[in-house]
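*Asks:* Take a look at the following structure, please.
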Ligand SMILES: [Zn+2]
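Residue numbers (full-length UniProt numbering): 1 to 554.
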């Protein structure tokens, strides 16, 4: 095929897929310059697909430089079977990793039916393939239990033509769509020549949508919008579904109560041939009880609460792990808290030398709320809100013996307690805005020789809906809680005024996944989170009027 025809066909496919504005035209004669818009799209497509033909196209300046093999490869890629669901963010090339554009299933026991009419494969074969698709997703999380019914059901799968979706009715291109929860509709293009591998792969992808997942920009993901013919669900997509539906049902801990929220941290006892780890929980007592209590998780049961003698606070303490200093990687607890009623000074104690050390003051620091502790390569950090009437955020570092003089974090403020977590050697701080501002903010601190906090940014994420994408700003009445989970930070918080729900989002250092509400739980104070081994643990006080503690794992 002459290469000017290929140029025209390539541009046609860019228009058809919605990647290039239909008003942008491109001449095909050799002396014609290649449109900067097309060069930019090709560069983005190379980033997303890794396909070298797009890299070559992005580097051409004139049509005369165009090469037929690259154009043919690019056209082949653009005409691969792909999903017809909206791509995600404003830019058609920037695909949300995963999230929950339209919520999640409120129940996990679901039925489905398949109408194989219109498919070129035998009905029995279609059923076998789709049954396998459901079985694979069911194996990901105990939340779901699927059973097939002859017709109807919660999720309907059918083969349809252009009368159902105008993009159907031709081979390749858009071959299927999957509606988000709880619509339960999956359509396959009846003009496609379906094979067992293609139907399984596209089925896995569309059921992922039907269960609440959006697209991934990782071509190794079954949620990648262009079909890569997968036979199984990749780990990223499995994790995404567990995030959506994976919190275990809450376990009430009625032997303990608080008027704040608990804090969690784990310690490790590392010997030459073995290591054992223990998850700890600390909290302030209920109402007028300013005592601080502790408990640990042994054989998946929380030990009876024990009061830590000689200390007290109006709020719960902050908790983290610290090296014992015996030359091993064994850790002990480091705890920090504000004083009792009338005493806004900050105190600390550690179990480095066995039992809790006598309380000591953190310099001249003072706070009206609970402080936050974080460990990162640059040291141990303590961060806190100022005293009553002071919404500034302050921090201090610990050298193993004492705390540095407090430093004010310039230009930021909060009405609550901040949270700290470390990702890839970078310390992140998250906090609620000042009085009247329910937004969540964050900043990061590099472990450089002269570390400085980056300007604050608002916690935000993009939701994609059929009618377009929009930025969402989650809100809270209390300080958030943060913990490292895998290669992301899990940030959890209570909802805004009047909303006692618990929400969480995952932050990869660049962007937040959509916020996900934890099912069937509520708090008046916000949760405490800590990842321990394969699970993220969360503990919280109940809703207004309910002061006992609850616990769940993800
Ligand atoms: Zn899709």
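Virtual Cβ for every residue (Gly too), placed ideally from N, Cα, C.
On a predicted model such as this, the values are computed, not experimentally measured, just so you know.
1. On a Cα-Cα basis, can you pick out the residue from 247, 397 and 505 that is closest to residue 514?
2. Please state the DSSP three-state secondary structure of residue 89.
3. Decide if residue 408 is buried, meaning its Cβ has at least 16 other Cβ atoms within 10 Å, or exposed.
4. Could you tell me whether the Cβ atoms of residue 432 and residue 440 are closer together than 8 Å?
5. Quick one: what's got a C-beta closer than 7 Å to residue 132's C-beta in the same chain, skipping five residues either side?
6. Measuring straight from C-alpha to C-alpha, what distance separates residue 215 and residue 512?
7. For a quick check, are the C-beta atoms of residue 20 and residue 11 less than 8 Å apart?
8. How far does the beta strand (DSSP E) with residue 109 in it reach, from first residue to last?
9. Quick one: which unbroken beta strand (DSSP E) runs of 3-plus residues sit fully inside the segment 286–323? Chain order, please.
10. In chain order, what residues of the same chain lie with their CB nearer than 8 Å to the CB of residue 358, ignoring the 5 residues before and after it?
11. Bridge partners for residue 335 per DSSP, in chain order?
12. Do you know how far the Cα of residue 55 is from the Cα of residue 265?
13. Whose C-beta lies closer than 8 Å to the C-beta of residue 38 among residues of the same chain, with five residues either side of it excluded?
14. Report the rounded CA-to-CA distance for residue 270 versus residue 249, giving the unit in angstroms.
15. Starting from the C-beta of residue 154, find all residues in its chain whose C-beta is less than 6 Å away, skip the five residues before and the five after it, and write them out in chain order.
16. Check the DSSP bridge columns for residue 167 and list the partner residues they point to.
17. Under the assumption that residue 508 contacts residue 487 (Cβ atoms under 8 Å), give the Cβ distance between them as a whole number of angstroms.
18. For a quick check, are the C-beta atoms of residue 292 and residue 337 less than 8 Å apart?
19. Which residue comes first and which comes last in the alpha helix (DSSP H) that contains residue 56?
20. If we require 3 or more residues per run, which beta strand (DSSP E) segments fall completely within the segment 341–404?
21. Provide the residue span of the alpha helix (DSSP H) that contains residue 137, from first to last.
22. Here's the rule: buried if 16 or more other CB atoms are within 10 angstroms of the residue's CB, otherwise exposed. What is residue 366?
23. Kindly indicate the opening and closing residues of the beta strand (DSSP E) around residue 239.
24. Taking the alpha-carbon of residue 567 as reference, which of 69, 49, 167 and 260 has the nearest alpha-carbon?
25. Leaving out five residues on either side along the sequence, give the residues of the same chain with a beta carbon under 8 Å from the beta carbon of residue 6.
26. When we look at the beta-carbon of residue 369 and count the other beta-carbons within 10 Å, is it buried (16 or more) or exposed?
27. Report the three-state DSSP secondary structure of residue 39 (helix, strand or coil).
28. On the CB-based measure, 16 or more other CB atoms within 10 Å of its CB, does residue 318 come out buried or exposed?
29. Please report how far the alpha carbon of residue 467 lies from the alpha carbon of residue 288, in whole angstroms.
*Replies:* Reading from the atomic positions:
1. Counting from 1 along the chain shown, the entry for residue 514 is found at position 514. Comparing Cα positions, the closest option is 505.
2. As a working mapping, residue 89 is identified with position 89 in the chain shown. Residue confidence is low: residue 89 scores 41 on pLDDT, short of 50, so the model does not pin down where it sits. Its coordinate-derived value is still stated next. The answer is coil: DSSP assigns residue 89 none of H, G, I, E or B.
3. Position 408 of the chain shown, counted from the first residue, corresponds to residue 408. Burial check for residue 408: the Cβ neighbour count within 10 Å stays below 16, so the residue is exposed.
4. For the purposes of this step, residue 432 is identified with residue 432 of the chain shown, where counting begins at 1. For the purposes of this step, residue 440 is identified with residue 440 of the chain shown, where counting begins at 1. For residue 432 and residue 440, yes; Cβs fall inside 8 Å.
5. Here residue 132 refers to the residue found at position 132 of the chain shown. Taken in chain order, the residues that qualify are 200.
6. The count along the chain shown starts at 1 and reaches residue 215 at position 215. The count along the chain shown starts at 1 and reaches residue 512 at position 512. C-alpha separation (whole angstroms): 15 Å.
7. Stepping through the chain shown from its first residue, residue 20 is reached at position 20. Stepping through the chain shown from its first residue, residue 11 is reached at position 11. Against a cut-off of 8 Å, the Cβ pair of residue 11 and residue 20 comes out as a contact.
8. Your numbering for residue 109 matches position 109 in the chain shown. Its beta strand (DSSP E) spans residues 109–115.
9. Entirely contained in the segment 286–323, the beta strand (DSSP E) runs reaching 3 residues are, in chain order, 291–298, 306–312 and 318–323.
10. For the purposes of this step, residue 358 is taken as the residue at position 358 of the chain shown. Cβ within range, chain order: 310 and 349.
11. On the chain shown, position 335 is the one that residue 335 refers to. Partner(s): 319 and 349.
12. Start at 1 with the first residue of the chain shown, and residue 265 comes out as number 265. Start at 1 with the first residue of the chain shown, and residue 55 comes out as number 55. When rounded, the distance between both Cα atoms is 47 Å.
13. In the chain shown, residue 38 corresponds to position 38, counting from 1. A distance below 8 Å between beta-carbons, with the five flanking residues on each side excluded, links residue 38 to the following residues of its chain, in chain order: 11, 14, 20, 24, 26 and 57.
14. Taking the first residue of the chain shown as 1, we reach residue 270 at position 270. Taking the first residue of the chain shown as 1, we reach residue 249 at position 249. When rounded, the distance between both Cα atoms is 32 Å.
15. Walking along the chain shown from the start, residue 154 turns up at place 154. 110, 111 and 184, listed in sequence order.
16. To locate residue 167, count along the chain shown from 1; it is residue 167. DSSP links residue 167 through a beta bridge to no other residue.
17. Looking up residue 508 in the chain shown gives position 508. Looking up residue 487 in the chain shown gives position 487. Rounded to the nearest angstrom, the Cβ distance from residue 508 to residue 487 is 7 Å, consistent with a contact under 8 Å.
18. Locating residue 292 in the chain shown gives position 292, counting from the first residue. Locating residue 337 in the chain shown gives position 337, counting from the first residue. Taking 8 Å as the cut-off, the beta carbon of residue 292 is found closer than this to the beta carbon of residue 337.
19. Indexing the chain shown from 1 puts residue 56 at position 56. Residue 56: member of the alpha helix (DSSP H) spanning 52–59, first to last residue.
20. Qualifying beta strand (DSSP E) stretches, in chain order: 345–350, 360–366, 372–376, 379–385 and 392–398.
21. In the chain shown, the residue the question calls residue 137 occupies position 137. 123–138 is the span of the alpha helix (DSSP H), which, as asked, contains residue 137.
22. Within the chain shown, the letter at position 366 stands for residue 366. When all chains shown are included, residue 366 counts as buried.
23. Walking along the chain shown from the start, residue 239 turns up at place 239. From DSSP, residue 239 is part of no beta strand (DSSP E) but of the alpha helix (DSSP H) over 235–245.
24. Outside the shown range of the chain (1 to 554) lies residue 567, about which nothing can therefore be said.
25. As a position in the chain shown, residue 6 is number 6, starting the count at 1. The residues are 66, 68, 71, 72 and 75.
26. Your numbering for residue 369 matches position 369 in the chain shown. Residue 369 should be labelled buried.
27. As a position in the chain shown, residue 39 is number 39, starting the count at 1. DSSP places residue 39 in helix when its eight states are reduced to three.
28. Position 318 of the chain shown holds residue 318. So residue 318 counts as buried.
29. Counting from one through the chain shown, the residue named residue 467 turns up at place 467. Counting from one through the chain shown, the residue named residue 288 turns up at place 288. Low confidence applies to residue 467: its pLDDT is 47, below 50, so where it sits in the model is not reliable, and the reading given next is rough at best. Spanning the alpha carbons of residue 467 and residue 288 requires a straight line of approximately 51 Å.
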